[in-house]
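Note that the numbering used here has the sequence shown beginning at 26, numbered continuously upward.
Cβ coordinates follow ideal geometry from the N, Cα and C atoms, glycine included.
Bear in mind the structure is a predicted one, so any value in this text is a computation, not a measurement.
In what follows, a single structure is set out as structure tokens and then discussed.
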Amino acid sequence: MTTTPKDRPAHVVRDSYDALAAVVGPLGEEESWLPTDCTGWAVRDLVFHLLADAQRALVALNTPAAGPSDRDAVTYWRDWTPDPVGAAHGRRWNRVAASMFPDFGELRELYLETAAATVAAAAATEPGRRVSTQGHVLTAGDLMTTLGVEVTVHHLDLTVALPTAPGPSPAGLTAVRATLDGLLGRPVPLAWDDEHYARAATGRVPLTDTERDALGPDADRLPLFS
26 MTTTPKDRPA HVVRDSYDAL AAVVGPLGEE ESWLPTDCTG WAVRDLVFHL LADAQRALVA
86 LNTPAAGPSD RDAVTYWRDW TPDPVGAAHG RRWNRVAASM FPDFGELREL YLETAAATVA
146 AAAATEPGRR VSTQGHVLTA GDLMTTLGVE VTVHHLDLTV ALPTAPGPSP AGLTAVRATL
206 DGLLGRPVPL AWDDEHYARA ATGRVPLTDT ERDALGPDAD RLPLFS
């Protein structure tokens with residue numbers, strides 16, 4: 026029997042977080058200033074953002090909700106459509122907050138230990154349990170899938186100037202594809218590999234005219250989230 030990200034959500038968290046930790050762990054001060062695919066953010070800024078998301082995950086996994094669920098692993102992302110003003114404010118806040126770590130090594134180690142704690146918390150949480158995050162209620166399993174998707178997309182962002190860094194986990198990329206297909210409402214009608222699909226459908230790379238023709242009216246719906 027073939028398993029999917031929905032069947033094994035804690036494994037998606039583990040595999041995607043472990044893959045990113047393999048990138049972050051060896052990074053030094055010089056690498057921390059390299060650019061990423063997130064506008065205005067260096068590596069250290071994105072690592073701080075990932076730290077904040079791992080902290081949010083820990084809180085969410087330990088915040089039971091009475092329900093009913095109003096989001097799942099796909100519909101969660103409908104709140105994260107492009108918002109230029111909000112994005113600019115978020116970039117500015119994140120850069121200022123990240124600058125409070127004068128030594129990247131401190132930030133790196135805090136991220137790694139927090140990410141490891143998130144992986145452990147996910148493994149110990151019943152996937153069907155309802156939890157709360159970002160003002161919504163969803164099952165812990167669906168939350169775990171969103172965490173794997175977030176980390177996997179940012180893994181691609183983090184490594185644009187790190188050509189020898191290991192790539193995202195297959196489980197994370199599978200979760201990203203399933204999420205994007207769910208938001209699109211059908212499997213994407215293009216022979217995109219998982220990494221290109223993740224970048225194109227979230228606005229990291231522009232569509233070609235050929236791709237726009239293949240997508241038809243759906244081309245104007247991209248990015249599906251940012």
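Burial state of Met26 (16 or more Cβ within 10 Å)
On the sequence shown, position 1 is the one that residue 26 refers to. Note that Met26 has pLDDT 34, beneath the 50 cutoff, so the model's placement of it is unreliable and the number below is only indicative. By the Cβ-count criterion, Met26 is exposed, with fewer than 16 other Cβ atoms from all chains shown falling within 10 Å of its own Cβ.
Spatial neighbours of Gly173 within its chain, please: CB distance less than 6 Å, with the 5 preceding and 5 following residues excluded, ordered by chain position.
Position 148 of the sequence shown, counted from the first residue, corresponds to residue 173. Contacts found: Val37, Val38, Ser41, Gly197 and Ala200.
Ala67, DSSP secondary structure in three states
Here residue 67 corresponds to residue number 42 of the sequence shown, with the count starting at 1. Residue state for Ala67 is assigned as strand, using DSSP reduced to three classes.
Are the Cβ atoms of Leu132 and Val72 separated by less than 7 Å?
To locate residue 132, count along the sequence shown from 1; it is residue 107. To locate residue 72, count along the sequence shown from 1; it is residue 47. Result yes, Cβ atoms of Leu132 and Val72 sit closer than 7 Å.
Just to confirm before moving on: does the CB-CB distance between Val99 and Thr164 stay below 7 Å?
The residue you call residue 99 lines up with position 74 of the sequence shown. The residue you call residue 164 lines up with position 139 of the sequence shown. Cβ distance not < 7 Å, so Val99 and Thr164 don't count as in contact.
Could you name the residues of the same chain whose beta carbon sits closer than 6 Å to that of Leu59, not counting the 5 residues immediately before and after it, in chain order?
Counted from its first residue, the sequence shown places residue 59 at position 34. Excluding sequence neighbours, Leu59 sits near Val68 and Ala186.
Do the segment 123-132 and the segment 176-196 make contact, defined as three or more Cβ pairs closer than 8 Å?
Contact between the segment 123-132 and the segment 176-196 is absent, because fewer than three Cβ pairs lie under 8 Å.
Count the other CB atoms, across all protein chains shown, that sit within 10 Å of the CB of Pro51; report buried if there are 16 or more and exposed otherwise.
Position 26 of the sequence shown, counted from the first residue, corresponds to residue 51. Exposed, by the Cβ-count rule.
Throw me the rounded Cβ distance for the Ser251 and Thr139 pair, which I believe falls under 8 Å.
As a working mapping, residue 251 is identified with position 226 in the sequence shown. As a working mapping, residue 139 is identified with position 114 in the sequence shown. The pair is not a contact, with the Cβ atoms about 24 Å apart (cut-off 8 Å).
Can you tell me whether His74 is buried or exposed? The criterion is at least 16 other CB atoms within 10 Å of its CB, across all chains shown.
Here residue 74 refers to the residue found at position 49 of the sequence shown. Buried is the call here.
Please go through the same chain and pick out, in chain order, the residues whose beta-carbon is closer than 8 Å to the beta-carbon of Gly228, but skip the five residues on each side of it.
Within the sequence shown, residue 228 is the residue found at index 203, counting from 1. Non-local beta-carbon contacts of Gly228 in its own chain, meaning distances under 8 Å to residues more than five positions away in sequence, involve Pro107, Leu247, Pro248 and Ser251 in chain order.
Would you report the Cα separation of Asp243 and Asp219, rounded to the nearest angstrom?
Here residue 243 is taken as the residue at index 218 of the sequence shown, counted from 1. Here residue 219 is taken as the residue at index 194 of the sequence shown, counted from 1. When the Cα atoms are used, Asp243 and Asp219 turn out to be separated by approximately 18 Å.
In the DSSP assignment, find the unbroken beta strand (DSSP E) run with Arg155 in it and report its ends.
Counted from its first residue, the sequence shown places residue 155 at position 130. Where Arg155 is concerned, the enclosing beta strand (DSSP E) stretches over Arg155 to Thr158.
If you compare alpha carbons, which of Ala82, Thr64 and Thr233 is closest to Ala112?
Working through the sequence shown from its first residue, we reach residue 112 at position 87. Closest in C-alpha terms to Ala112, from the list Ala82, Thr64 and Thr233, comes Thr64.
Does Leu215 pass the burial test, meaning 16 or more other C-beta atoms within 10 Å, or should it be called exposed?
Within the sequence shown, numbered from 1, the residue matching residue 215 stands at position 190. Per the 10 Å Cβ criterion, exposed.
My assumption, with CB atoms under 8 Å, is that Pro48 sits in contact with Leu137. Please give the rounded CB distance.
Counting from 1 along the sequence shown, the entry for residue 48 is found at position 23. Counting from 1 along the sequence shown, the entry for residue 137 is found at position 112. Here residue 48 is Val; the residue named in the question, Pro, does not match the sequence. Between Val48 and Leu137, the beta carbon gap of about 11 Å keeps them out of contact (Cβ cut-off 8 Å).
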